[in-house]
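A short worksheet on the structure shown next.
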Amino acid sequence: MAVYLNSTNCEYQIWFSLGSGRSVPTPRDRGLQAGDAMRTLLRWLVLGSTWLTLGSAWAQSYPDTSRPLKILVPFGAASSTDLLARALAQGITEVSGLNAIVENKAGAEGQIGMSAAKAAAPDGYTLVMTTSSTQVLNPHMLGKLSYDPVADFVPIGGVGKFALILNAGPSLPQKSAREFIEAARAHPGKYSFGSGTATTRLAGELLQSVAGIKLLSVPYKSQTEAITGLAGGQVDLVFMDLPGSAAQHKTGRVRPLAVSGASRMEALANVPTLQEQGLAGFEVTGWWATYFPAKTPPAVVAAMRGILQKAVKTQPVKDAFTNFGLEPMPVFGDELAAVQRRDFDRWGKLVRSTNLTTQ
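The opening position of the sequence shown corresponds to residue 791 in this note's numbering, with each subsequent residue numbered one higher.
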């Protein structure tokens, strides 16, 4: 909006230039005397100057290393998001001097944590690290949410990308996904899968749709609880990424049957994809990214994007990527927003076409 001062017959009018390109006098200010018009104009100028000064001062003082940076994770402790967030916290502390601490708020497929992030003060000291599950799948699969993935947050930057592993529990005798699918086709409804996020729920529902099988869906509060339930024999299958699965693989009570991506993982080179095992076109992948609450000052947002760009290149984050077979996702600001829009549209079409809504 621009302000223009127009003089006609010793009278002054304030005109506002609208986004449409039209300029119209407001009813309240039409025909103002010169003194009133000048005072109104001065108020606008002073107000704008004040906000510019405050924004500049805020940017110059950020980050204040005497204040901790809270990284909210909308999933449980020891989940893949939690593990990667802790590595990122080390990287942020290393490059900025901020004391970055992770706080978990799990439940309702990420809604509890995302609502807490939405309600946080927009001052640059609460960062939420989440997944594509809360940002692009929840709106399609859960219906009305307690947060808006777009309106309630400002995109900071991507962290990494991941595929899922189809894990089998101790109660399942089959040694491959192909063998399991044959058994499930012969016994509809006999086997179950657990899930704690919209992404893993989608993977389980899509497996049934593509393979032509019927499984019992068992929801969990978090993926950590789901994989623990799998190890304890409560369910037969759980889709989960490698960071969350690795510890259970070491116990031997959980076995990887297949990978949900288009290609094998280096860290699990002997585990074939679901596509290799007869499910042509099956691919479910996701990503991790960071956000600030809406209305965080632009200068603070820019500063954190700069911090994140450096933090993802630090050794703690690199080690996490190597150990868990992850890929970096170096997109920031508008680029992250574009990725989110693309995947929202992509997964939305899939959910609608296969009737995978889980409300």
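We treat Cβ as the ideally placed atom computed from N, Cα and C, and that holds for glycine. Source: prediction; values computed, not measured.
Take residue i as the anchor and find which of the options has the nearest alpha-carbon.
| i | options | result |
| --- | --- | --- |
| A953 | A907, N928, S870 and Y915 | S870 |
| A752 | Q1024, T987 and S1012 | The shown model of the chain, from 791 to 1149, leaves out residue 752, and the question about it has no answer. |
| P929 | G900, A1059 and G947 | G900 |
| V1102 | I946, P960, V1074 and T1014 | I946 |
| A1016 | G1002, A1001, G1034 and V1000 | G1034 |
| S966 | L935, N1060 and I1097 | N1060 |
| A879 | G866, K860 and G897 | K860 |
| V940 | R975, R968 and R1132 | R1132 |
| A988 | G1123, Y852, S1143 and T920 | T920 |
| L1146 | A976, E893, S999 and R1095 | S999 |
| D938 | G948, V949 and V926 | V926 |
| D913 | G1096, L1098, S936 and P1088 | P1088 |
| A890 | S905, R857, A898 and V1121 | R857 |
Helix, strand or coil, according to DSSP, for residue i in the structure here?
| i | result |
| --- | --- |
| S813 | Confidence at S813 is low in this model, with a pLDDT of 45, below 50, so its placement is unreliable and no value can be given for it. |
| P1151 | Missing from the structure shown is residue 1151; the chain here goes from 791 to 1149 and no further. |
| A974 | helix |
| M1055 | coil |
| L837 | Bear in mind that the predicted position of L837 carries a pLDDT of just 49, short of 50, making it unreliable; the figure below should be weighed with that in mind. Reduced to three states, the DSSP call for L837 is helix. |
| A1079 | strand |
| A911 | coil |
| R857 | coil |
| G1123 | coil |
| V918 | strand |
| S966 | coil |
| K1004 | coil |
| K951 | strand |
| Y802 | The predicted position of Y802 is uncertain, since its pLDDT is 32 and thus under 50; a value taken from the coordinates is nonetheless stated next. Looking at Y802 - three-state DSSP - the assignment turns out to be strand. |
| G897 | coil |
| A890 | strand |
| V944 | strand |
| P1118 | strand |
| L956 | strand |
| P1033 | helix |
What are the start and end residues of the alpha helix (DSSP H) that includes residue i?
| i | result |
| --- | --- |
| A1110 | Q1105 to F1114 |
| S886 | S870 to S886 |
| S999 | A988 to A1001 |
| G1019 | Q1013 to A1021 |
| P1062 | P1062 -> no alpha helix (DSSP H), and no H or E assigned at all. |
| N928 | N928 to M931 |
What are the start and end residues of the beta strand (DSSP E) that includes residue i?
| i | result |
| --- | --- |
| M1030 | L1027 to M1030 |
| P864 | Run containing P864: none; DSSP gives neither H nor E here. |
| R1045 | R1045 to V1049 |
| F983 | S982 to S985 |
How close, in whole Å, do the beta carbons of residue i and residue j come, if the pair is a contact with beta carbons under 8 Å?
| i | j | result |
| --- | --- | --- |
| Y1010 | G986 | 4 Å |
| G979 | K1004 | 5 Å |
| D854 | V863 | In fact, because the Cβ distance is near 23 Å, the residues do not count as touching under 8 Å. |
| V885 | K1100 | 4 Å |
| I882 | L888 | 6 Å |
Classify residue i as buried or exposed, calling it buried when 16 or more other Cβ atoms lie within 10 Å of its own Cβ.
| i | result |
| --- | --- |
| K908 | buried |
| A1056 | According to the sequence shown, residue 1056 is Glu rather than Ala. So E1056 counts as exposed. |
| K895 | buried |
| D1135 | exposed |
| Q1038 | buried |
| T1112 | exposed |
| G1076 | buried |
| E995 | buried |
| L1006 | exposed |
| D1026 | buried |
| D1109 | exposed |
| G1115 | buried |
| A993 | buried |
| Q1105 | exposed |
| R1142 | exposed |
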